[in-house]
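Visitor: Before we start, here is the structure in question, set down as structure tokens.
Number of protein chains: 2
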Amino acid sequence: MDIMTPPHSPETDRFERISPLPAYQLVAEAIEREIVSGHIPPGEPIGTEADLVKQFGVNRSTVREGIRCLEQSGLIRRESSRRLVASLPRQGKLATRVSRALILHQVTFRELYEAIDMLERSAIELAVAHRTDDDLQAIARNLERTRDALSEPIRLAELDTEFHSLVAVATGNRVLQLAREPASLLIYTATQPIFEHVPEAAPRLLAAHEKLYDALVRRDVEDARAWMRRHVADFGKGFLRTGRTLDDPVDRIPFDSIFQTRGTS
Amino acid sequence: MDIMTPPHSPETDRFERISPLPAYQLVAEAIEREIVSGHIPPGEPIGTEADLVKQFGVNRSTVREGIRCLEQSGLIRRESSRRLVASLPRQGKLATRVSRALILHQVTFRELYEAIDMLERSAIELAVAHRTDDDLQAIARNLERTRDALSEPIRLAELDTEFHSLVAVATGNRVLQLAREPASLLIYTATQPIFEHVPEAAPRLLAAHEKLYDALVRRDVEDARAWMRRHVADFGKGFLRTGRTLDDPVDRIPFDSIFQTRGTS
DNA sequence: ATTGATCCGTTTGTCCGACAAACCGACTAT
DNA sequence: ATAGTCGGTTTGTCGGACAAACGGATCAAT
């Protein structure tokens, strides 16, 4: 992994960039600038392809290629396949992208486990500080459903994921939410087999979630962090009991459940 | 922010997706599958446009639109503007995207500050556990350069960013690296003014970095976390002294330093 | 009057064919 | 061996074209 190059290194580039970018990129950048600068607020319609052809004075094919780029980057979205509107990149899509990248880079379960340990303890700490009553209610409902699903591995895995997402929402911190989401997506695929192989996993999960809920109610940071650590450690132990080892790369088996970048959205 | 919908909810979708996706998306997905499944390893060339036209039996325009999508998502890269090759999405590009999204969603400095506090303490903790001698050397070199740049705000901001990136690299954990990078990019823009407005900021930064380095050398987790907390707190105080408040949204002033999604790469 | 069906212009997705410029590799001359 | 030339290849862009889907308006029916 290379280190991020600082945004601008004054010595290295003595001349202006000499490559006139292809027109479709110029189109994309022009529209992009209008959106990120706020001139086109989210929800506002971009013109039709014909409009853009007129405005930019380029061919329709060129406009279309530019649009594809923006569409892919999430800055424009289509309502009803007809209306192209400016849009804020959806966090779910971004997280999905990042997850996929992590898989392709073959990160190990150890990395995933360690990161989640850190991220989830951070999340619960901030959630303790910022949770509202609404957050608590949402989590309580999740606990309710979890109690009813103790014998359904698939449902349990979903509810576990949801629990941690709700905790993240309770932080009121979108930076941390977006930071932890990719890891959360990745671990989902490893969760379900645990409930199938390890009988005590389900009740332990419920117990931990309840303790975490309690800590959130009482705003007890230490307790919250401690239980989250145990909860994540439980996952680690359970994971090992499913026969895999921590140094395996996060694999590419569950593609279809992860790679829903296109589709319903 | 809405809650992440679980990867697959069995009740909701009873029928197959009925909309035959546009051909260019099918092209994109087909190639995407070949890449993520590993059939086309990174670096391997995709065919020319003419090849793809033949293989998919669609028009060249359609192929091109599909290619634009993949290019944008980072699964395809071009060597020499001629050769299209499969590629692993670069973490820098992903992080840039996420940063941009956070700006567009107008996250506040408070969110950014809290998240960084958590993420950086996590990073330093993992770095203490996993750092190699090479990591230490790289950080030592960064300290050296920092000592020489105490009176140059721009350079200091760059070196600070680099320091924390190096710590992240020292974790050996790419999940955490990718989780913290977007926040790191965002804070870079807020760092430089601090060195201009707050005289003691530079020496305090250096002192903190040196203490953190020490803690890494001695593998002292508690010390490392404590100093990181102080270091981040320093940033917070310095930030307030530049006249802004924590509840301002992270603003869109420094576009050009952030939005380098296209260009040199 | 509200509901339902029909019609027409618009917009998108796709195709075809074409051309200039840039690129690549081979070939030639020094 | 190096430099320069040349021709085929590939990309970027263009113009035009058409079917299908969509949206809105008009008209018919309850």
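Chains as they are written, first to last, in this note's numbering: chain A, 1 to 265; chain B, 1 to 265. Cβ coordinates follow ideal geometry from the N, Cα and C atoms, glycine included. All values reported here derive from a predicted model rather than from experimental measurement.
Measure the beta-carbon distance from Ile-187 (chain A) to Ile-76 (chain A) and round it to whole angstroms, keeping in mind my assumption that it falls under 8 Å.
Guide: Contact flag wrong, Cβ pair sits at about 32 Å.
Visitor: If you drop the 5 nearest sequence neighbours on each side, which residues of the same chain put their C-beta closer than 6 Å to that of Ile-285 (chain B)?
Guide: Residue 285 (chain B) lies beyond the residue range present for chain B, which begins at 1 and ends at 265; the question has no answer from this structure.
Visitor: Short of 9 Å Cβ to Cβ, which residues in the region 171–195 of chain A face chain B?
Guide: So the close ones are Thr-171, Gly-172, Asn-173, Arg-174, Val-175, Leu-176, Gln-177, Leu-178, Ala-179, Arg-180, Glu-181, Pro-182, Ala-183, Ser-184, Leu-185, Leu-186, Tyr-188, Thr-189.
Visitor: Which runs of the alpha helix (DSSP H), 4 residues or longer, sit entirely within the region 197–253 of chain A?
Guide: DSSP runs (the alpha helix (DSSP H)) wholly in the region 197–253 of chain A: 201–218, 221–241.
Visitor: At what residues does the beta strand (DSSP E) containing Arg-110 (chain B) begin and finish?
Guide: It is not in any beta strand (DSSP E) - Arg-110 (chain B) instead sits in the alpha helix (DSSP H) that spans 109–130.
Visitor: Is the Cβ-Cβ distance between Ala-30 (chain A) and Thr-62 (chain A) less than 7 Å?
Guide: Contact: no.
Visitor: Can you find the residues in the same chain that come closer than 6 Å, C-beta to C-beta, to His-231 (chain B), ignoring five residues on each side of it along the sequence?
Guide: So the list reads Ala-208, once near-sequence residues are dropped.
Visitor: If you drop the 5 nearest sequence neighbours on each side, which residues of the same chain put their C-beta closer than 8 Å to that of Arg-262 (chain A)?
Guide: For Arg-262 (chain A), the predicted structure reports a pLDDT of 40, less than 50, and the residue's modelled location is therefore unreliable. A value from the coordinates is still provided. Nothing meets the Cβ criterion.
Visitor: Please identify, using Cβ separations under 9 Å, the residues of the region 191–220 of chain A that lie next to chain B, in order along the chain.
Guide: Against chain B - using a Cβ distance shorter than 9 Å - the region 191–220 of chain A contributes no residues.
Visitor: Quick one: Cα of Leu-94 (chain B) to Cα of Ala-202 (chain B), how far?
Guide: Those two C-alpha atoms are separated by around 30 Å.
Visitor: Short check: CB of His-105 (chain B) to CB of Leu-104 (chain A), under 7 Å?
Guide: Going by C-beta atoms, His-105 (chain B) is not nearer than 7 Å to Leu-104 (chain A).
Visitor: Could you give the first and the last residue of the continuous alpha helix (DSSP H) run that contains Leu-156 (chain A)?
Guide: Residues 153–170.
Visitor: Straight-line CA distance for Val-198 (chain B) to Arg-121 (chain A)?
Guide: Going by the C-alpha atoms only, they are around 33 Å apart.
Visitor: Can you find a CB in chain A that lies within less than 7 Å of the CB of Leu-150 (chain B)?
Guide: It does not: the Cβ of Leu-150 (chain B) has no partner Cβ on chain A nearer than 7 Å.
Visitor: For Ala-224 (chain A) versus Val-128 (chain A), is the C-beta spacing smaller than 7 Å?
Guide: Going by C-beta atoms, Ala-224 (chain A) is nearer than 7 Å to Val-128 (chain A).
Visitor: Is it true that the CB of Ala-168 (chain A) sits closer than 7 Å to the CB of Leu-159 (chain A)?
Guide: Going by C-beta atoms, Leu-159 (chain A) is not nearer than 7 Å to Ala-168 (chain A).
Visitor: For Ala-190 (chain B), tell me which candidate among B:Pro-153, B:Ser-37, B:Gly-43 has the shortest Cα-Cα distance.
Guide: Out of B:Pro-153, B:Ser-37, B:Gly-43, B:Pro-153 has the C-alpha closest to the C-alpha of Ala-190 (chain B).
Visitor: For the beta strand (DSSP E) holding Leu-143 (chain B), just list the boundary residues, first then last.
Guide: Per DSSP, Leu-143 (chain B) belongs to no beta strand (DSSP E); it is in the alpha helix (DSSP H), 133–147.
Visitor: Verify the CB distance criterion: does Ile-3 (chain B) have a CB-CB separation below 7 Å to chain A?
Guide: Legend: pLDDT at Ile-3 (chain B) = 34, less than 50; position of this residue unreliable, value from coordinates given subsequently. Yes, Ile-3 (chain B) counts as interfacial toward chain A.
Visitor: Are there 16 or more other CB atoms within 10 angstroms of the CB of His-39 (chain A), so buried, or fewer, so exposed?
Guide: Result: exposed.
Visitor: Which of helix, strand or coil does DSSP assign to Leu-21 (chain A)?
Guide: Three-state result, Leu-21 (chain A): coil.
Visitor: Counting contacts by CB-CB distance shorter than 7 Å, is Ser-80 (chain B) in contact with chain A?
Guide: Taking Cβ atoms only, chain A never reaches closer than 7 Å to Ser-80 (chain B), which makes this a no.
Visitor: Taking Cβ positions only, does Glu-65 (chain A) come closer than 7 Å to chain B?
Guide: Output row for Glu-65 (chain A): interface = yes.
Visitor: Name the chain A residues whose beta carbon is nearer than 7 Å to that of His-105 (chain B)?
Guide: Per Cβ cutoff of 7 Å: Leu-88, Arg-174.
Visitor: Quick check: what's the CA-CA separation for Asp-220 (chain B) versus His-130 (chain B)?
Guide: So the alpha carbons of these two residues sit roughly 12 Å apart.
Visitor: Quick one: give me the first and last residue of the alpha helix (DSSP H) that Leu-84 (chain B) is part of.
Guide: Careful: Leu-84 (chain B) lies outside any alpha helix (DSSP H), inside the beta strand (DSSP E) at 83–86.
Visitor: Identify the contact partners of Gln-72 (chain A) in chain B, using a Cβ-Cβ distance below 7 Å as the criterion.
Guide: Result: Cys-69, Gln-72, Ser-73.
Visitor: Cβ closer than 7 Å: which chain A residues qualify as neighbours of Glu-111 (chain B)?
Guide: Under the 7 Å cutoff, chain A gives Asn-173, Arg-174, Val-175.
Visitor: Does the beta-carbon distance from Val-175 (chain B) to Leu-112 (chain A) come in below 7 Å?
Guide: In this structure, Leu-112 (chain A) lies closer than 7 Å to Val-175 (chain B) by Cβ.
Visitor: Is the CB-CB distance between Arg-83 (chain A) and Pro-41 (chain A) below 7 Å?
Guide: In this structure, Pro-41 (chain A) does not lie closer than 7 Å to Arg-83 (chain A) by Cβ.
Visitor: Using beta carbons (cut-off 7 Å, strictly below), is Met-118 (chain B) in contact with chain A?
Guide: It does: the Cβ of Met-118 (chain B) has a partner Cβ on chain A nearer than 7 Å.
Visitor: Residues of chain B with CB closer than 8 Å to the CB of Ala-101 (chain A), please, in chain order.
Guide: The contacting residues are Gly-74, Leu-88, Pro-89, Gln-91, Leu-94, Leu-178.
Visitor: Exposed or buried, what is Asn-59 (chain B) when buried is set at 16 or more other beta-carbons lying within 10 Å of its beta-carbon?
Guide: Classification for Asn-59 (chain B): exposed.
Visitor: By the 10 Å Cβ neighbour count, where 16 or more other Cβ atoms means buried, how is Glu-181 (chain B) classified, buried or exposed?
Guide: It is buried - the Cβ of Glu-181 (chain B) has at least 16 other Cβ atoms within 10 Å.
Visitor: Within the continuous beta strand (DSSP E) that includes Ile-76 (chain A), where are the two ends?
Guide: Start and end: 76–79.
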